[in-house]
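Residue numbers (the working numbering), protein chains in the order written: chain A, 15 to 420; chain B, 133 to 582. Working notes, beginning with the structure itself.
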């Protein structure tokens with residue numbers, strides 16, 4: 015809105031307005047006396063610029079050696095943890111001897127951050143920026159899987175990383191190596207910058223002993239031929255290692271990244287059930303699961319690492335090392351036979367499909383029988399378009415884009 | 133109706149972007165929806181939360197995606213499971229043995245762990261996190277969900293190695309998605325100044341011209357070669373009416389692979405020799421250079437006859453060449469080695485300080501080399517669409533987080549969608565800027581008619 019023409023104020027301010035009017039000759043509105051920049055700046059906009067110049071200035075550039083989220087700063091734009099540390103220091107000083115000025119040491123490192131400092135959204139406390147695997151940690155996972163030939167399950171237990179994450183880390187690392195091999199440029203500066211902004215789970219330094227494992231030595235020098243003695247030593251060391259692992263799962267101390275035994279909440283367990291049973295009955299988890307649903311398994315079998323429970327149970331029962339070894343071998347054999355059966359099944363299925371590769375598609379042909387459509391021609395096993403049977407694939411509300419990529 | 137502001141200061145909507153306006157709005161956001169009727173509260177909550185969660189999705193589409201089933205997990209202790217079979221929870225009078233109440237004055241009692249509730253309501257918008265465009269944004273490959281969507285529709289995103297142009301593709305656990313690094317660097321890097329833009333334009337123009345000229349030359353050369361070949365064939369036809377069949381034609385097809393293999397072996401020899409010749413650290417002597425040059429020439433000649441000679445002859449030639457190379461390098465390398473040790477013994481007794489100096493200089497050299505390497509990775513190139521050397525865009529650090537349901541490798545701009553996001557006690561994996569009450573109201577809004 016242009017200012018009113020009638021000037022009720024003193025002559026001084028009137029002169030000011032006149033000056034403004036002459037200065038705003040570039041304005042698109044010739045009748046307006048306020049310059050364009052001033053027309054646009056609302057109070058909200060001024061507040062924004064004020065904020066950006068004060069509190070917001072903290073976020074302009076990343077904080078070196080730390081994360082830099084909104085939740086870590088107070089209303090004055092100071093790091094909460096720094097303020098707290100100063101307050102605590104001052105309090106301590108007060109307790110010691112009188113009130114004295116505390117000389118500030120700018121070279122001092124920032125106090126360690128807490129969960130509160132990792133909240134990017136201040137009013138949603140339940141979302142915390144959780145740590146990601148550091149570069150060294152990922153390299154170590156890749157090394158154990160690809161060079162030491164350990165299983166995903168083993169590495170998951172050893173390093174406290176979910177099995178799916180272990181697999182993903184290895185897969186991504188393989189792609190990275192492939193890019194390096196073919197000379198495709200990596201986004202290294204970007205990766206470095208991002209990693210410096212994120213909280214990280216570092217690879218524990220006390221695992222350095224792990225780095226000097228005989229296997230690692232073997233793989234670091236693959237060209238060197240081993241004598242029989244060395245081979246024997248290596249085997250003995252490996253056996254020892256395995257024995258340690260069999261004895262207790264937490265044989266070694268690692269910085270754990272996440273909880274690996276997460277039990278998904280089953281929808282069937284959401285209801286409250288009044289289930290009368292005799293007082294003398296040993297009503298276990300398995301029985302409770304049965305009450306919720308006939309096919310629901312107990313928690314021991316539904317967690318991702320049921321073998322940890324089994325091993326621990328054997329340990330509690332006080333079985334000897336040999337017995338436990340034997341049982342573990344039996345379990346391994348069972349799992350292997352199961353895996354082989356699955357592979358055989360897949361092979362049998364693949365042998366029945368004929369694949370034809372074209373530049374655009376891969377066609378897969380399988381044998382079909384006309385009789386599958388049944389007498390009425392409406393049998394669910396029937397193939398292709400049949401008269402009188404509706405096809406719903408173009409209907410509203412149905413997904414028409416790919417639902418999975420192999 | 134005029135288009136409403138995306139990042140308004142008056143009509144505040146928090147968005148999925150790294151914008152500074154958005155950051156300011158986030159800092160002002162207060163958990164207040166306790167006015168008006170229940171319906172009004174729900175409306176306000178859903179309106180605010182939908183402006184952030186999947187703003188690019190049509191309302192009907194979201195309503196179809198919405199589910200009242202909210203995923204949660206409970207971390208289990210394997211030791212507890214091994215020691216107890218569950219019956220201990222029904223011990224005593226039916227609800228477990230009575231525990232002693234915590235007494236803070238008793239030094240023997242441990243402080244009980246703080247119990248957190250599972251924030252189920254934060255899972256309301258979990259289905260949206262499955263979308264490809266949102267996942268690309270969450271993996272820090274784009275500066276906003278809208279930009280991520282553009283990357284997808286413009287074909288810069290691959291899922292499991294295949295181009296996926298649908299932003300609404302719902303990722304399945306285990307899917308790997310990759311974004312072209314150039315697009316990611318553009319999205320997350322600082323923008324160019326007007327001057328840099330102008331320079332880049334000029335540079336690209338020059339490059340275009342050079343490329344066009346090169347292309348013309350290549351076409352000319354090809355035409356010339358074709359002409360020569362035609363003339364040659366015509367001359368041969370004139371000379372001999374019954375030309376002898378070429379051995380290449382008489383060879384069975386299985387040979388082709390073997391011949392390719394021999395050719396690549398020979399090529400490898402050439403590259404080895406080239407590396408020897410171009411080694412600046414220990415340049416070969418003049419005599420050795422001559423030998424190597426002759427060797428390369430011979431290898432080239434053998435390569436030229438790869439398709440004509442019988443394979444056994446080729447193998448013989450190859451073996452001879454390899455022998456020759458090992459001989460030439462073997463002869464000269466020990467000589468170089470025998471030369472080196474005396475120089476070392478000469479310098480070593482001179483003074484210990486000199487060795488210290490050399491080590492220091494070595495460390496400095498290493499540092500310099502590292503710096504050089506880094507700068508080589510992050511070069512100044514005006515033709516790029518972002519400011520070079522690459523630096524993160526302002527205000528990025530306030531938004532830099534990667535939720536746990538993704539595993540990202542930023543070096544290759546690729547990520548794996550591990551599983552659907554879940555809630556844990558006191559923790560939610562769906563990044564949402566809203567208070568739990570707001571999300572609950574929104575959840576209730578979408579529960580209607582269900």
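Backbone N, C-alpha and C define an ideal beta-carbon position, used for all residues, glycine too.
Expected contact under 8 Å - CB spacing of residue i and residue j to nearest Å
i: residue 435 of chain B; j: residue 391 of chain B; result: Contact flag wrong, Cβ pair sits at about 11 Å.
i: residue 159 of chain A; j: residue 189 of chain A; result: Not quite, the Cβ-Cβ distance comes to about 14 Å (not below 8 Å), so this is no contact.
i: residue 419 of chain A; j: residue 292 of chain B; result: 4 Å
i: residue 321 of chain B; j: residue 522 of chain B; result: 5 Å
i: residue 203 of chain A; j: residue 505 of chain B; result: That belief does not hold up - the Cβ atoms of residue 203 of chain A and residue 505 of chain B are roughly 12 Å apart, past 8 Å.
i: residue 8 of chain A; j: residue 147 of chain A; result: A query on residue 8 of chain A cannot be resolved here, the shown segment of chain A reaching from 15 to 420 and no further.
i: residue 562 of chain B; j: residue 254 of chain B; result: 6 Å
i: residue 567 of chain B; j: residue 143 of chain A; result: Going by Cβ atoms, the distance from residue 567 of chain B to residue 143 of chain A rounds to 18 Å, so no, they are not a contact pair.
i: residue 95 of chain A; j: residue 128 of chain A; result: 7 Å
i: residue 266 of chain B; j: residue 277 of chain B; result: 6 Å
Bounding residues of the alpha helix (DSSP H) (the contiguous stretch that carries residue i)
i: residue 331 of chain A; result: 320 to 331
i: residue 189 of chain B; result: That residue, residue 189 of chain B, is in no alpha helix (DSSP H); it is neither H nor E in DSSP.
i: residue 155 of chain A; result: 149 to 156
i: residue 275 of chain A; result: Looking at the DSSP string, residue 275 of chain A is not in any alpha helix (DSSP H), and its letter there is neither H nor E.
i: residue 191 of chain A; result: 177 to 196
i: residue 342 of chain B; result: 326 to 371
i: residue 313 of chain A; result: 313 to 316
i: residue 210 of chain B; result: 210 to 215
i: residue 204 of chain A; result: 202 to 211
Any chain B beta carbon closer than 9 Å to residue i
i: residue 351 of chain A; result: no
i: residue 314 of chain A; result: yes
i: residue 151 of chain A; result: no
i: residue 94 of chain A; result: no
i: residue 201 of chain A; result: yes
i: residue 208 of chain A; result: yes
i: residue 363 of chain A; result: no
i: residue 386 of chain A; result: no
i: residue 272 of chain A; result: yes
i: residue 287 of chain A; result: no
i: residue 373 of chain A; result: no
i: residue 73 of chain A; result: yes
i: residue 394 of chain A; result: no
i: residue 101 of chain A; result: no
i: residue 66 of chain A; result: yes
CB contact below 9 Å: residue i versus chain A
i: residue 551 of chain B; result: yes
i: residue 408 of chain B; result: no
i: residue 301 of chain B; result: yes
i: residue 241 of chain B; result: no
i: residue 556 of chain B; result: yes
i: residue 351 of chain B; result: no
i: residue 323 of chain B; result: no
i: residue 389 of chain B; result: no
i: residue 136 of chain B; result: no
heavy atom of the ligand ZN below 8 Å from residue i C-beta
i: residue 337 of chain B; result: Only the bare structure without any ligand can be found here, which leaves the ligand ZN out of the picture.
Span of the beta strand (DSSP E), counted from its first residue to its last, around residue i
i: residue 574 of chain B; result: Unbroken run through residue 574 of chain B is the alpha helix (DSSP H), 568 to 579; no beta strand (DSSP E).
Beta-carbon neighbours of residue i, restricted to chain C and to distances below 8 Å
i: residue 544 of chain B; result: No chain C appears in this structure, whose protein chains are A and B.
For this session: Would you mind listing the alpha helix (DSSP H) stretches within the region 243 to 308 of chain B that are 4+ residues and don't spill past its ends, in chain order?
Result: Counting whole runs of 4 or more residues, the region 243 to 308 of chain B contains the alpha helix (DSSP H) stretches 264 to 270 and 277 to 285.
Exercise. Given a limit of 8 Å on CB to CB distance, which residues of the region 138 to 158 of chain B reach chain A?
Worked result: Listed by position, the residues of the region 138 to 158 of chain B near chain A (Cβ gap below 8 Å) are 141, 142, 152, 153, 155, 156 and 158.
Exercise. If contact means a Cβ-Cβ distance below 7 Å, which residues of the region 124 to 140 of chain A contact chain B?
Worked result: If the cut-off is 7 Å between Cβ atoms, the region 124 to 140 of chain A has 134, 135, 137, 138 and 140 near chain B.
Problem set entry | Under 9 Å (Cβ pairs) to chain B, residues found in the region 400 to 411 of chain A | If the cut-off is 9 Å between Cβ atoms, the region 400 to 411 of chain A has 411 near chain B.
Problem set entry | Cβ-based contacts, 9 Å cut-off: residues of the region 210 to 244 of chain B near chain A | When C-beta distances to chain A are compared with 9 Å, the residues of the region 210 to 244 of chain B below that value are 210, 211, 213, 214, 215, 216, 217, 218, 219, 221, 222 and 226, in chain order.
Exercise. What are the start and end residues of each continuous beta strand (DSSP E) run of 3 or more residues lying completely inside the region 350 to 395 of chain A, in chain order?
Worked result: Here the runs fully enclosed are 368 to 371 and 376 to 379.
For this session: Please list the residues of the region 519 to 531 of chain B that have a C-beta atom closer than 8 Å to any C-beta atom in chain A, keeping them in chain order.
Result: Those residues of the region 519 to 531 of chain B that come within reach of chain A (Cβ to Cβ, closer than 8 Å) are 521, 522, 523, 524, 526, 527, 528, 529, 530 and 531.
Exercise. Taking Cβ-Cβ distances below 9 Å as the criterion, which residues of the region 167 to 184 of chain A are in contact with chain B?
Worked result: Under the 9 Å Cβ criterion, the region 167 to 184 of chain A contributes 176, 178, 179, 181, 182 and 183.
Problem set entry | Complete runs of the alpha helix (DSSP H) confined to the region 138 to 192 of chain B [at least 4 residues] | Entirely contained in the region 138 to 192 of chain B, the alpha helix (DSSP H) runs reaching 4 residues are, in chain order, 152 to 160 and 170 to 184.
For this session: Would you mind listing the beta strand (DSSP E) stretches within the region 270 to 311 of chain A that are 3+ residues and don't spill past its ends, in chain order?
Result: If we require 3 residues or more, the beta strand (DSSP E) runs fully inside the region 270 to 311 of chain A come out as 276 to 278.
Problem set entry | Members of the region 291 to 304 of chain A that neighbour chain B once the beta carbon cut-off is set at 7 Å | Residues passing the 7 Å Cβ filter: 296, 297, 298, 299 and 302.
Exercise. Residues in the region 173 to 196 of chain B with C-beta within 7 Å of chain A's C-beta atoms, listed in sequence order?
Worked result: The residues in question are 196.
Problem set entry | Interface residues of the region 272 to 297 of chain B facing chain A [CB-CB below 7 Å] | Considering only beta carbons, the part of the region 272 to 297 of chain B lying closer than 7 Å to chain A consists of 272, 291, 292, 294 and 296, in chain order.
For this session: Identify each residue in the region 559 to 571 of chain B for which the Cβ-Cβ distance to at least one residue of chain A is less than 9 Å, and report them in chain order.
Result: Closer than 9 Å at the C-beta level to chain A, one finds these residues of the region 559 to 571 of chain B: 559, 560, 561, 562, 563, 564, 565, 566, 567, 568, 570 and 571.
Problem set entry | Selection of the region 250 to 274 of chain B by Cβ proximity to chain A, strictly under 7 Å | So the close ones are 251, 254 and 272.
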